[in-house]
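Engineer: Here the sequence shown is numbered in our numbering, starting from 559 and rising by one per residue.
I'd like to ask you about the structure that follows.
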Amino acid sequence: MTTTHGNFCTKITRFGVMNNYLVEEADDLTAIDTGMAGSADAILAGAQALGKPIRRVLLTHAHTDHAGSLDELMARLPDAEFLCSGQTARFLAGDMRLDAGQAESKLRGGFVRRQTKAAHTLADGDQVGSLQVIAAPGHAPDQLAFWDTRDGTLYAGDAFQTQGGLAVSGDVRWLFPLPAWATWHKPTALETARKLAALAPSRLAVGHGPVLESPQAELAAGIERAASKFEK
Ligand SMILES: [Zn+2]
Numbered sequence: 559m560t561t562t563h564g565n566f567c568t569k570i571t572r573f574g575v576m577n578n579y580l581v582e583e584a585d586d587l588t589a590i591d592t593g594m595a596g597s598a599d600a601i602l603a604g605a606q607a608l609g610k611p612i613r614r615v616l617l618t619h620a621h622t623d624h625a626g627s628l629d630e631l632m633a634r635l636p637d638a639e640f641l642c643s644g645q646t647a648r649f650l651a652g653d654m655r656l657d658a659g660q661a662e663s664k665l666r667g668g669f670v671r672r673q674t675k676a677a678h679t680l681a682d683g684d685q686v687g688s689l690q691v692i693a694a695p696g697h698a699p700d701q702l703a704f705w706d707t708r709d710g711t712l713y714a715g716d717a718f719q720t721q722g723g724l725a726v727s728g729d730v731r732w733l734f735p736l737p738a739w740a741t742w743h744k745p746t747a748l749e750t751a752r753k754l755a756a757l758a759p760s761r762l763a764v765g766h767g768p769v770l771e772s773p774q775a776e777l778a779a780g781i782e783r784a785a786s787k788f789e790k
């Protein structure tokens, strides 16, 4: 299912709960995440409906439900660039070591290896089209969020889920517990949640669940609930 939110954000959902996004620029599109394996057709159909080519493919993190269709999508987009964090690039190549300074916690969730190499890697503060890159570790150590500086849409990957109610990654929602179970380090996830909420996004677009408009109150409540569980 494909839905458009505001002027620039199109969400493509498969299996009811797996989201990826197309972000509209003046002349082209940026894809954020590629979905489970087998999602390329849905993403390309979404781009066709918008009438613009996909020129950039970004990943929030290397979990299988975000990176699964990377190779099949890039094979069909010879003119597009693939960009991700340096750690996502290493994870995709099978190097699962953590970086110095990262919490020594076990990686969780399904990470996948993929062939596609990043054109270059992204770090906190970089700009890609209209999107500002924000380091967003916690759910996974390699995670990035993307902040559309035109209208305040925040693409937060799995830093939050909205399926079953807004939750910080790691705070289990029993209607849809998978992202919480796949969370690497809860204190880091909570720190990232506070950093992202402080941007005061006008719209929140996440990997699992509906896009939320004016999400301030829900963010505050979700962070308070996670803090009461993670910080006791
Ligand atoms: Zn994930």
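Virtual Cβ for every residue (Gly too), placed ideally from N, Cα, C.
Might you give, ordered along the chain, the residues of its own chain that have their beta carbon closer than 8 Å to the beta carbon of A755, omitting 5 neighbours on each side?
Structural biologist: Q774, L777, A778, I781
Engineer: Name the two residues that bound the continuous beta strand (DSSP E) containing L680.
Structural biologist: Where L680 is concerned, the enclosing beta strand (DSSP E) stretches over 678–680.
Engineer: Please report the straight-line C-alpha distance between P759 and D700, rounded to a whole angstrom.
Structural biologist: Looking at the two C-alpha atoms, the distance is approximately 22 Å.
Engineer: Roughly how many angstroms separate the alpha carbons of G751 and L762, rounded to a whole number?
Structural biologist: Residue identity differs from the one stated: residue 751 is Ala in this sequence, not Gly. Going from the Cα of A751 to the Cα of L762 covers about 12 Å.
Engineer: How many Å lie between T711 and D653 at the Cα?
Structural biologist: 32 Å
Engineer: Looking at the secondary structure, which residues open and close the alpha helix (DSSP H) in which A755 lies?
Structural biologist: For A755, the uninterrupted alpha helix (DSSP H) run begins and ends at 744–755, by DSSP.
Engineer: Would a C-beta distance cut-off of 8 Å place D684 and F566 closer than the cut-off?
Structural biologist: Contact: no.
Engineer: Is the distance from the Cβ of L628 to the Cβ of T592 below 8 Å?
Structural biologist: Yes, Cβ-Cβ distance for L628 and T592 is below 8 Å.
Engineer: Please tell me whether G626 and A595 are closer than 8 Å, where the distance is taken between their beta carbons.
Structural biologist: Yes, they are a contact pair.
Engineer: Alpha carbon to alpha carbon, how far is S643 from K790?
Structural biologist: 32 Å
Engineer: Within this structure, are the beta carbons of R672 and E639 separated by less than 8 Å?
Structural biologist: no
Engineer: Between the Cα of P745 and the Cα atoms of L736, P737, G728, which residue gives the shortest distance?
Structural biologist: Selected option, being the one with the closest Cα: G728.
Engineer: Select from L770, A607, E749, S772 the residue whose C-alpha is nearest the C-alpha of A785.
Structural biologist: E749
Engineer: Measuring alpha carbon to alpha carbon, tell me which of S597, F649, G722 ends up nearest A698.
Structural biologist: F649
Engineer: How many Å lie between T674 and W732 at the Cα?
Structural biologist: A straight-line Cα-Cα distance of about 35 Å links T674 and W732.
Engineer: How should K569 be labelled, buried or exposed, when 16 other C-beta atoms within 10 angstroms of its C-beta is the threshold for buried?
Structural biologist: buried
Engineer: Does the beta-carbon of G696, which I'm using as the reference point, lie nearer than 7 Å to any heavy atom of ligand 1?
Structural biologist: no
Engineer: Tell me the DSSP bridge mates of A763?
Structural biologist: Y713
Engineer: Of all the CB atoms in chain C, is at least one closer than 8 Å to the CB of Q660?
Structural biologist: In the structure shown, chain C cannot be found, because there is only a single protein chain.
Engineer: Here's the rule: buried if 16 or more other CB atoms are within 10 angstroms of the residue's CB, otherwise exposed. What is P737?
Structural biologist: Around the Cβ of P737, a 10 Å sphere holds 16 or more other Cβ atoms; the residue is buried.
Engineer: Measuring straight from C-alpha to C-alpha, what distance separates G725 and A747?
Structural biologist: Contrary to the premise, residue 725 reads as Ala rather than Gly in this sequence. Going from the Cα of A725 to the Cα of A747 covers about 11 Å.
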